[in-house]
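Okay, so here's the structure we're looking at.
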């Protein structure tokens, strides 16, 4: 874990010593506990709560140098449960998490102004969802990762249906290999 000292906390990470400042309480085992502000030497700050050395309850992580909120929401045993997360190069996700991955209901708003809202499984679009273009048009249907499957209906930005399109079911690699063997 590390050694608490006045004003700083020394953490050993293999051969590297990582400095952090911690303003908050400790429990009887010298574990972080209670409300705190925690700054690491890589300019990341956590403001929130600890429970027996784990992020727990409401918390916010941000990059002080780039002035970016990296995550704000609920933690349980240092894992993200629900909240808003900045995803570099992609967009901002708001929703549920499992093992720090997008999982459950959520919405990803891309930096170009478009968005996808629906069910996520291990950070992949899974099942029913709505993709909204930046101009307000939207498509409702099922996804398997980035692949559209089944019936998709597109609407204009007034909600009037403009197109229906049927997509083939996405196949696993094993199913694709079986199809190739049958055609040879």
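Numbering (our numbering), first residue to last: 3 to 186.
Where is the CB? At the ideal position from N, CA and C, for every residue including glycine.
For clarity, every value in this text was computed on a predicted model and none was experimentally measured.
- Scanning its chain for C-beta atoms nearer than 7 Å, with the 5 sequence neighbours on each side dropped, one finds around residue 158 the residues 139, 164, in chain order.
- The Cβ neighbour count for residue 63, taken over all protein chains shown within 10 Å, is at least 16; the residue is labelled buried.
- The residue from 100, 28, 145, 144 with its alpha-carbon nearest to that of residue 124 is 100.
- Distance between residue 112 and residue 142, taken at the CA atoms: about 17 Å.
- Secondary structure remark: continuous beta strand (DSSP E) runs of at least 3 residues inside the stretch 23–72, in chain order: 34–42, 46–53, 56–65.
- By the neighbour-count criterion, in which a residue is buried when 16 or more other Cβ atoms sit within 10 angstroms of its Cβ, residue 45 is exposed.
- Nearest to residue 121 by C-alpha distance, out of 148, 135, 114, is 148.
- Residue pairing for residue 105: DSSP places it in no beta bridge.
- In this structure, residue 93 sits away from residue 106, with a CB-CB distance that is not shorter than 8 Å.
- C-alpha of residue 53 to C-alpha of residue 85: approximately 19 Å in a straight line.
- Of the residues assessed, residue 117 falls on the buried side of the cut-off, its CB having 16 or more other CB atoms within 10 angstroms.
- As the crow flies, the alpha-carbon of residue 132 is around 5 Å from that of residue 119.
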